[in-house]
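In the working numbering, the protein residues as written are 10 to 642.
Inspection log for the structure reproduced underneath, given as structure tokens.
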């Protein structure tokens with residue numbers, strides 16, 4: 010695990026070692042153990058890396074070369090099947106100088122060319138320099154677990170694991186992209202391939218860039234596409250259960266490979282419980298598990314997952330540790346804002362940050378349960394889509410009465426309360442299924458934004474519709490079950506640009522590697538084949554995973570509702586964090602952004618404090634933008 014960066018000049022000029030050094034230093038938190046530099050053709054190409062030692066601690070320094078030293082590779086991430094790949098490549102006559110997983114890419118490229126990425130099972134962002142052909146190849150893993158940003162123009166291309174490294178290059182302009190910022194206020198994150206800056210793009214998952222020094226051309230190619238088509242015929246639950254069990258065991262076997270201590274992030278949920286179970290089944294050592302608990306009564310109590318996590322740990326026989334989070338989070342909020350170099354407002358970043366910090370004291374690699382909801386249909390919105398069609402068939406006057414009734418429900422600050430669910434459902438159900446899926450995720454609606462934005466920013470973002478990024482994915486999917494389309498969209502938006510970004514930045518803030526076994530591409534591809542009836546129907550979600558884990562985990566966990574991993578922010582904003590929030594969102598600081606209307610922000614706060622409306626998601630969105638703007642823009 011590490012951070013990588015580099016620059017290729019098309020003009021023949023040398024890449025400044027000073028700039029490359031500053032870019033690399035900006036990534037130091039990702040890899041504190043050592044650094045590496047490489048340049049070629051009079052400095053016309055240069056790349057650098059920061060390394061966190063996980064596999065081959067003594068000889069895995071990067072870059073790694075082939076036997077003739079004309080192929081050089083730097084890797085951020087891990088190649089889990091490197092041992093099997095090494096054996097295959099040895100049969101092709103290649104000699105290995107290290108035990109590093111990175112070297113498998115070097116020799117794999119000699120055998121397979123750019124097809125090598127199809128042979129990799131792992132999470133990775135790769136920079137490969139082919140000196141014979143004066144070609145740079147950049148590639149990102151199939152699910153986008155590891156980040157890769159780039160900036161390209163007629164003068165060349167630069168790349169990095171994080172935006173903050175690219176911003177060290179004076180050629181990189183910091184002009185905000187109004188469409189990306191508008192998307193942020195809709196979704197709490199910036200969906201790719203845009204970044205918050207106009208000049209910087211995210212390389213899509215399963216894609217590579219091939220950049221020729223002599224040709225001065227850059228071509229983007231997909232080596233893998235996200236699947237969504239289920240089996241044409243139901244092969245029976247016994248088949249799906251047996252296959253899924255085997256895949257989970259094999260994925261955990263591969264992802265527990267490391268030369269450093271590892272453990273599992275555990276909540277009271279089914280996904281992390283499944284990871285803890287299979288890890289304890291295949292590991293030769295006692296598995297360590299870590300969970301976060303929230304101190305305080307009232308609404309805070311509904312956020313606690315400690316009891317369920319203890320149950321799972323007991324059944325799996327793990328060495329379990331709880332980390333208690335108190336609502337004195339001002340310093341942590343400022344720290345997390347520093348590590349997200351795009352606006353980002355997932356409240357669960359705070360407990361994730363603390364969990365990673367505490368876990369790093371005992372382990373270097375952690376396994377996490379991301380992906381279960383998007384693969385197996387775990388979100389209530391999937392059921393909402395199925396029920397919304399029936400709701401729309403109710404006479405309009407009855408729906409109007411229901412809408413008024415729901416709007417009058419008292420505001421609750423408990424975790425994903427019923428009043429919140431019902432209000433969101435009634436709002437989204439007015440749209441057709443695909444638009445409704447987007448509407449249920451919206452933080453600020455178009456109506457909200459008319460009040461929130463300054464007139465100047467209204468003009469700058471005019472004509473942008475955030476739903477377009479979802480619509481583009483829907484349009485690629487063609488015909489098929491509606492549920493499968495929703496899952497595919499969430500895998501390419503919500504999972505990719507919210508959950509995986511959060512996991513990467515918060516873990517790398519502490520030089521901790523987080524692996525996600527459910528996003529093994531074989532599990533992703535197999536899950537897509539499972540018929541929709543084994544995913545979500547009626548009032549049941551994540552049916553396949555619940556059936557798989559029945560008898561393996563406690564019934565209370567298998568049958569339990571999805572909780573999420575967020576702290577009691579609604580109560581904190583009105584209580585312990587009130588002074589901090591009011592200070593950060595003062596009219597003067599809000600006005601300086603040039604984007605937000607201070608009066609509209611004050612109205613959000615007043616409504617929340619008076620408990621007229623639960624605005625915590627909107628306030629958190631605005632707060633994190635203001636803090637980000639002061640730090641990065």
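Don't be surprised by glycine CBs; every beta carbon is placed ideally from N, CA and C.
Values in this document were obtained by computation on a predicted structure and should not be read as measured data.
Quiz item: Alpha carbon to alpha carbon, what distance is there between residue 234 and residue 489?
Solution: 16 Å
Practice problem: Would you mind reading off the limits of the beta strand (DSSP E) that contains residue 349? | Solution: Where residue 349 is concerned, there is no enclosing beta strand (DSSP E), given that its DSSP letter is neither H nor E.
Quiz item: Is residue 249 closer than 8 Å to residue 539 when the C-beta atoms are compared?
Solution: yes
Practice problem: Output the distance between the C-alpha atoms of residue 165 and residue 156, rounded to the nearest integer angstrom. | Solution: 20 Å
Practice problem: With DSSP as the reference, label residue 41 as helix, strand or coil. | Solution: strand
Exercise. Let me know the secondary structure DSSP gives residue 83 once reduced to three states.
Key: strand
Exercise. Can you grab the Cα-Cα spacing for the pair residue 459 / residue 339, in whole Å?
Key: 30 Å
Quiz item: For residue 30, which of helix, strand or coil comes out of DSSP?
Solution: helix
Exercise. From the DSSP output, in three-state form, read off residue 167 for me.
Key: Secondary structure of residue 167 (DSSP, three-state): strand.
Practice problem: Tell whether a beta-carbon distance below 8 Å holds between residue 550 and residue 380. | Solution: no
Quiz item: Straight-line CA distance for residue 547 to residue 395?
Solution: 8 Å
Self-check item: Where residue 19 sits in the DSSP three-state scheme
Solution: coil
Quiz item: Between residue 279 and residue 566, which are expected to be in contact by the criterion C-beta below 8 Å, what is the C-beta distance as a whole number of angstroms?
Solution: With 8 Å as the limit, residue 279 and residue 566 qualify as a contact, their Cβ atoms being about 6 Å apart.
Quiz item: Anyone know if the C-beta pair for residue 298 and residue 511 falls short of 8 Å?
Solution: no
Quiz item: Out of 204, 60 and 223, which has the shortest C-alpha to C-alpha gap to residue 53?
Solution: 223
Quiz prompt | As assigned by DSSP and simplified to three states, the class of residue 515 | solution = helix
Self-check item: Where the alpha helix (DSSP H) containing residue 390 begins and where it ends
Solution: 389-401
Quiz item: Can you name the start and end residues of the beta strand (DSSP E) that residue 111 belongs to?
Solution: Residue 111 -> not in any beta strand (DSSP E); alpha helix (DSSP H) instead, spanning 111-121.
Quiz item: Are the stretch 519-532 and the stretch 272-289 touching, with three or more C-beta to C-beta distances below 8 Å?
Solution: yes
Exercise. Write down every uninterrupted run of the alpha helix (DSSP H) in the stretch 427-485 whose length is 4 residues or greater and which is fully enclosed by it, in chain order.
Key: 427-437, 442-448, 455-461 and 464-469
Self-check item: Within the stretch 151-197, ranges of the alpha helix (DSSP H) (whole runs, at least 4 residues)
Solution: 172-175 and 187-196
Practice problem: In angstroms with no decimal places, state the Cα-to-Cα distance between residue 70 and residue 88. | Solution: 15 Å
Quiz item: If you draw a straight line from the alpha carbon of residue 605 to that of residue 313, how long is it in whole angstroms?
Solution: 34 Å
Quiz item: Is it the case that the Cβ atoms of residue 86 and residue 131 are separated by a distance below 8 Å?
Solution: yes
Practice problem: Check whether the Cβ atoms of residue 270 and residue 144 sit closer than 8 Å, and answer yes or no. | Solution: no
Quiz prompt | Beta-carbon proximity check, residue 58 vs residue 40, cutoff 8 Å | solution = yes
Quiz item: Do you know offhand how far residue 377's Cα is from residue 275's?
Solution: 8 Å
Exercise. State the CB to CB distance for the pair residue 353 and residue 633, rounded to an integer number of angstroms; the pair is presumed to be in contact (CB under 8 Å).
Key: Contact between residue 353 and residue 633 is confirmed by a C-beta separation of about 6 Å, below the 8 Å threshold.
Exercise. Go ahead and pull the three-state DSSP assignment for residue 233.
Key: coil
Practice problem: Use the C-beta contact count for residue 615: other C-beta atoms within 10 angstroms, 16 or more gives buried, fewer gives exposed. | Solution: It counts as exposed.
Quiz item: Do you know offhand how far residue 302's Cα is from residue 521's?
Solution: Going by the C-alpha atoms only, they are around 20 Å apart.
Quiz item: Candidates 225, 238 and 219: which alpha carbon is nearest residue 231's?
Solution: Per the Cα distances, 219.
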